[in-house]
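Below: one structure, written as structure tokens.
2 protein chains.
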Amino acid sequence: MARKTKAEAAATREALLDAAEEMFIQHGVARTSLEQIARHAGMTRGAVYWHFKNKADLFHAMLQRVRLPFQDLVEALDDPELAKKPLEAIRLACISGFEHLERPRYRRVHAILIHHCEVFSDIDPLAMQNEMVEESCGALRDYFHCAARLGHLRDDIPPELAAQLLQSLLGGLFHDWLRNYERFSIYEEGTRLVKAQLSLMRASPSE
Amino acid sequence: MARKTKAEAAATREALLDAAEEMFIQHGVARTSLEQIARHAGMTRGAVYWHFKNKADLFHAMLQRVRLPFQDLVEALDDPELAKKPLEAIRLACISGFEHLERPRYRRVHAILIHHCEVFSDIDPLAMQNEMVEESCGALRDYFHCAARLGHLRDDIPPELAAQLLQSLLGGLFHDWLRNYERFSIYEEGTRLVKAQLSLMRASPSE
DNA sequence: AGGTATCCATACGCTTTTGCATGTAAAACG
DNA sequence: CGTTTTACATGCAAAAGCGTATGGATACCT
Numbered sequence: 001m002a003r004k005t006k007a008e009a010a011a012t013r014e015a016l017l018d019a020a021e022e023m024f025i026q027h028g029v030a031r032t033s034l035e036q037i038a039r040h041a042g043m044t045r046g047a048v049y050w051h052f053k054n055k056a057d058l059f060h061a062m063l064q065r066v067r068l069p070f071q072d073l074v075e076a077l078d079d080p081e082l083a084k085k086p087l088e089a090i091r092l093a094c095i096s097g098f099e100h101l102e103r104p105r106y107r108r109v110h111a112i113l114i115h116h117c118e119v120f121s122d123i124d125p126l127a128m129q130n131e132m133v134e135e136s137c138g139a140l141r142d143y144f145h146c147a148a149r150l151g152h153l154r155d156d157i158p159p160e161l162a163a164q165l166l167q168s169l170l171g172g173l174f175h176d177w178l179r180n181y182e183r184f185s186i187y188e189e190g191t192r193l194v195k196a197q198l199s200l201m202r203a204s205p206s207e
Numbered sequence: 001m002a003r004k005t006k007a008e009a010a011a012t013r014e015a016l017l018d019a020a021e022e023m024f025i026q027h028g029v030a031r032t033s034l035e036q037i038a039r040h041a042g043m044t045r046g047a048v049y050w051h052f053k054n055k056a057d058l059f060h061a062m063l064q065r066v067r068l069p070f071q072d073l074v075e076a077l078d079d080p081e082l083a084k085k086p087l088e089a090i091r092l093a094c095i096s097g098f099e100h101l102e103r104p105r106y107r108r109v110h111a112i113l114i115h116h117c118e119v120f121s122d123i124d125p126l127a128m129q130n131e132m133v134e135e136s137c138g139a140l141r142d143y144f145h146c147a148a149r150l151g152h153l154r155d156d157i158p159p160e161l162a163a164q165l166l167q168s169l170l171g172g173l174f175h176d177w178l179r180n181y182e183r184f185s186i187y188e189e190g191t192r193l194v195k196a197q198l199s200l201m202r203a204s205p206s207e
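Chains as they are written, first to last, in the UniProt record's numbering: chain A, 1 to 207; chain B, 1 to 207.
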């Protein structure tokens, strides 16, 4: 086979990752062979082993194309007024997260990570999920603590509890949606649910 | 090998299922061979192929040992007074569900179904999860509708929304706990969160 | 322009796992 | 008590998938 230009090589690498996503979603990670991925991209296993060390390495590369830490979502809002309205910051960050998730690549990769792969070699999807949850839950706690100090939170709801409630709500919604994304839009449903939940926990204006 | 009595044969069948649970939890479903399961139960593959048609059949048998539909949890309460207190019925049913889930076998099998298996042959764990969610969410909706009619629900929260909020909350908590059950007790945390959430949605006694 | 590194296809050996076929000793049955 | 069926263990053939070694044509560099 003839050597390709650098741009072409990079393109085949992306094509392999795209093919891997589709096959992983369709047949699960463990049940798809490198041969299947290569064929689906119009290549052979040789291409795969050139660009990636093995299946775990390919999997890692696939994950690295999508990353969205909660903190970044808040900072991306970039509105100095939000420091004084932590509940609003939480709401907008959630909405921003929902927007990201509706992009096909983000949705696919997260669906793979959560629903279509088991532990294999050095990849532990549960540990990765724990990291994601840990990170976003920590950020939520900070904002709810801030809200409590400002008196924006109902005084019978400690900030820790508020963070846990919202965290579980988001997690449940996330899983439900990934399981069958065509049934509803996580952007619309998520916006509704988060708004409702926050309004339940917000201090009534009278006090 | 000598033939065993019928009771002994049934015992080895259970032993094989137990071994399968442990190996599936530890290494994932796809990565454990029938040989590993048999050896871990002190048997050979011959025993496995005698009791089960193949891996999918064994998997199905494993699932069939644990079943807990939401409706049964409510009926098991068997308290005629609860018909007049739907929110309390929901709370107690959730608590009862948490109790079931803390039993090792229930926890293990659900963890396998949700976190340690992909699609394989005719088994589709996502479809099973959808059934479970659909079933429990439907029951929740009924009870919240009942609560709304009785005026037990805040009038700014439609019963559908209340059901979705609680459903997502339960789902998120469930996934978090299964991911690492040693970190907290789903019975304690679940009781706390459900109580808090229901109290947020309950109509204030003044009205 | 020549040499070299790159990008990928092809081929080979190896391990793992599956499904079945066969063997067998004791339980179950009449 | 003899026969049949049960409840496995053992052995074998086949396929699948992985990792690597090799080959080859061309882009890239100096």
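C-beta: ideal position from N, C-alpha, C; glycine also.
Values in this document were obtained by computation on a predicted structure and should not be read as measured data.
Let me check understanding here. Comparing Cα to Cα, which of the options lies closest to residue i?
i	options	result
A:L63	A:P205, A:R149, A:L113 and A:A2	A:L113
A:Y187	A:P80, A:S199, A:L170 and A:R154	A:L170
B:L73	B:A93, B:H60, B:S33 and B:K84	B:A93
residue 283 of chain A	B:A7, B:K195 and B:D124	Lying before the first or after the last residue shown, residue 283 of chain A is absent from chain A, which here runs from 1 to 207.
A:E21	A:H152, A:G151, A:R105 and A:D79	A:R105
A:I157	A:T191, A:E131, A:E189 and A:S199	A:S199
B:R65	B:L16, B:A196 and B:L34	B:L16
A:N180	B:L150, B:F144, B:W177 and B:E131	B:E131
Is there a C-beta anywhere in chain B that falls below 8 Å from the one on residue i?
i	result
A:A2	no
A:V66	no
A:S168	yes
A:D57	no
A:G171	yes
residue 232 of chain A	Residue 232 of chain A cannot be examined here, being either before or after the span of chain A that is shown, 1 to 207.
A:R91	no
A:V109	no
With a threshold of 16 other CB atoms inside 10 Å of the CB of residue i, please say whether the residue is buried or exposed.
i	result
B:A128	It is worth fixing the name first, because residue 128 of chain B is Met in this sequence and not Ala. It is exposed - the Cβ of B:M128 has fewer than 16 other Cβ atoms within 10 Å.
A:K53	exposed
B:H110	buried
B:K84	exposed
B:H60	exposed
A:F98	buried
B:T5	exposed
B:E118	buried
A:F174	buried
residue 245 of chain A	This structure does not reach residue 245 of chain A, given that chain A is present from 1 up to 207, and the question cannot be answered.
A:P205	exposed
A:T44	exposed
A:P86	buried
Say whether chain A places a C-beta atom closer than 8 Å to the C-beta of residue i.
i	result
B:H175	yes
B:R141	no
B:F144	no
B:C179	A small fix is needed here, since residue 179 of chain B is Arg in this sequence, not Cys. Yes, contact with chain A.
B:N54	no
B:L34	no
B:L157	It should be pointed out that residue 157 of chain B corresponds to Ile in this sequence rather than to Leu. Cβ-Cβ to chain A under 8 Å: yes for B:I157.
Run through chain B and tell me which residues come within less than 8 Å of residue i, C-beta to C-beta.
i	result
A:V48	The contacting residues do not exist; A:V48 stays about 20 Å from chain B at best.
A:V119	H27, G28, R31 and H116
Determine the chain A residues that contact residue i at a beta-carbon separation under 8 Å, and present them in chain order.
i	result
residue 208 of chain B	A question about residue 208 of chain B goes unanswered here, because the residues of chain B that appear run from 1 up to 207.
Taking 7 Å as the cut-off, is the CB of residue i close to at least one heavy atom of the ligand NAD?
i	result
B:L193	With respect to the ligand NAD, the structure shown offers nothing to examine, as it has no ligands at all.
Going along chain A, which residues have a C-beta under 7 Å from residue i?
i	result
B:Q197	L165
B:L193	Q164, L165 and S168
For a contact defined as C-beta to C-beta under 7 Å, what are the partners of residue i on chain B?
i	result
A:L161	A196
A:L126	H115 and R179
Worksheet entry | Runs of beta strand (DSSP E) lying entirely within the region 138-179 of chain B, each at least 3 residues, in chain order | Every candidate beta strand (DSSP E) stretch fails here, since none sits fully inside the region 138-179 of chain B while reaching 3 residues.
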